[in-house]
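A quick write-up on the structure given underneath.
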Amino acid sequence: MNKKICVVGLGYIGLPTAALLANRGYSVHGVDVVQSTVDTINRGEIHIVEPELDTFVQSAVNSGKLKADLKPCEADVFIIAVPTPFHDGYVPNIDYVVSATKAIVPCVKDGNIVILESTSPVGTTDKVEDTLKENGVDTSKLFIAHCPERVLPGQIMRELVENDRIVGGTTSDATEKTVEFYKTFVSGEVLSTDARTAEMAKLTENSFRDVNIAFANELSMLCDKFDINVRELISLTNRHPRVNVLSPGAGVGGHCIAVDPWFIVHAAKEQNIEAKIIKTAREVNTYKTEWVIEKIKNEALKFENENGRKAKVACMGLAFKPDIDDLRESPALYITKRLISDGLDILAVEPNIKSHNKLKIVEYQKALEEADIVTFLVAHKEFKGLNINKKLDFCGVLNAN
């Protein structure tokens, strides 16, 4: 393939996408603002934990098909895959998208495809086009589209290929051209729509999941008061052929589910309407994390009253979901930091990272030996089947098969 791809943002989506495309024969120029990330990738190594990604990156770099740099270059296709967090008050923040768009201005030329993959508030793809226009680019000669990623951490390399994709262009021609591109490496169906619908589709997917998780989390708090084993209850309830209650946890984390619903809530507020269910679900899932903190603090206080000394508490898991190293918006990390700031003696455990800039990471075997109370916050595979006496299991890992 003669086409050159420029991927802006080499994080959890950008790097796997770049490595996959390079292994499919494209010449890929990856861009990141962090020098150490660029250097790591150019050595054929990775800076994040994701199964199979190391093999893909090593192969791509060794073949000369993938190179990383601090600045973009001319290409046929530009893919923007940068974070979209929010400001205080859950106001969407697309500053990284705008910065990435400005960065490619000197490099874009007539006939290029510009794709926004970052999960974004409705209207962000239009903002990409506006930013290019404001900086002197004739966007009528470009094909600009949104194609939100829909992958599950831990299965990204497979799902980038197998999952159906939604492509929405700012014009019908942009949609068609971008669909053609994705069909060169996606085996799932590539579905066509407009940019705003594509943006809303991703937000809807994650809001739907957030609402369902909120139901399970609220149920867990109710069952705690009712003296009912919530996991047994859910197991029994799910024997109904049309019921599938999810498993409760310590909250909701990650860059998508914990963030995207707020984009809808904010957009609704601007239109003087209220996204009631979506907002309530977010509030329930946020409160569940505070509820977990109080449960742990109460258990630690009980231990101290009974033993005349402070309890050592092991916080098992810091990532936002099992078997990954991604700490973004992680309730487990938030819980651990809060407990430390509240004066508890904490042993922080995360098998998928070697170190943390603010926490001392302890091997889980050592934590089990030293802890008076063991709290399971993330269902990592290392924790399954452990036989622990003084425990608080908020993720169901001890009952997992």
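Residues in the sequence shown are numbered from 4 upward in steps of one, following my numbering.
By construction, the Cβ of each residue, glycine as well, lies at the ideal position given by its N, Cα and C atoms.
DSSP, read as helix, strand or coil, puts THR196 in strand. Taking PHE89 as reference, the option from VAL295, HIS258 and SER195 with the minimal CA-CA separation is HIS258. Scanning its chain for C-beta atoms nearer than 7 Å, with the 5 sequence neighbours on each side dropped, one finds around GLY399 the residues ARG234, SER250 and ALA382, in chain order.
As DSSP reads the structure, SER30 sits in a beta bridge with LYS7.
For THR378, the enclosing beta strand (DSSP E) stretches over residues 376-379.
Nearest C-alpha to VAL170 among THR196, GLU192 and ILE147: THR196. Each residue's CA atom was taken as its position, placing ASN115 and LEU145 some 5 Å apart. Rounded to whole angstroms, ARG46 and VAL64 show a C-alpha spacing of 8 Å. In the structure shown, VAL125 adopts coil according to DSSP, grouped into three states. Rounded to the nearest whole angstrom, the CA to CA distance from LEU236 to GLY320 is 25 Å. Contact between the segment 12-28 and the segment 52-68 is present, with at least three C-beta pairs closer than 8 Å. Per the DSSP secondary-structure output, PRO95 pairs in a beta bridge with PHE89. With contacts defined by Cβ atoms closer than 8 Å, PHE81 and VAL111 form a contacting pair.
CA-CA distance, ILE338 to ALA351, rounds to 11 Å.
Distance from the Cα of THR207 is smallest, within the candidate group ASP263, THR173 and ASN241, for ASP263. Residue state for ALA204 is assigned as helix, using DSSP reduced to three classes. Among the bridge pairs identified by DSSP, ALA351 is matched with CYS318 and ILE364.
Across the structure, ALA84 and ALA314 are spaced so that their CA atoms are roughly 44 Å apart.
Within the same chain, ASP263, PRO264, ILE267 and ILE281 come within 7 Å of SER210 by CB-CB distance, once the 5 residues on both sides are set aside. DSSP places ASP396 in the uninterrupted beta strand (DSSP E) bounded by 394-396. The Cβ-Cβ distance between THR173 and ASP113 does not fall below 8 Å.
Of the other Cβ atoms in all chains shown, fewer than 16 fall within 10 Å of the Cβ of ARG242; this residue is therefore exposed. The beta-carbon separation of VAL11 and ILE107, rounded to 7 Å, stays under the 8 Å limit for a contact.
Contact check between the segment 147-154 and the segment 189-203: three or more CB pairs, one atom from each, fall below 8 Å, which counts as touching. Partner residues in the beta bridge of ILE116, as assigned by DSSP, are VAL80 and PHE146.
The beta strand (DSSP E) runs lying completely inside the segment 261-321 and spanning 3 residues or more are 315-319, given in chain order. One Cα belongs to ASP35, the other to GLY191, and the distance between them is close to 28 Å.
As the crow flies, the alpha-carbon of ASN275 is around 28 Å from that of GLU221. Boundaries for VAL255: no alpha helix (DSSP H) harbours it, and the DSSP string shows neither H nor E there.
Taking C-beta atoms under 8 Å as the contact rule, ALA284 and ASP227 fail to qualify, at a distance of about 19 Å. Around the C-beta of LYS136, fewer than 16 other C-beta atoms lie within 10 Å, and the residue is accordingly described as exposed. Taking C-beta separations shorter than 8 Å and ignoring five residues to either side along the sequence, SER143 has no partners in its chain. The residue among CYS76, VAL182 and LYS340 with its C-alpha nearest the C-alpha of GLU293 is LYS340. For LYS340, the enclosing alpha helix (DSSP H) stretches over residues 334-344. Restricting attention to THR378, ILE296, GLN38 and LEU304, the CA atom closest to the CA of ALA317 is found in THR378. LYS136 carries a helical assignment under DSSP once its states are collapsed to helix, strand and coil.
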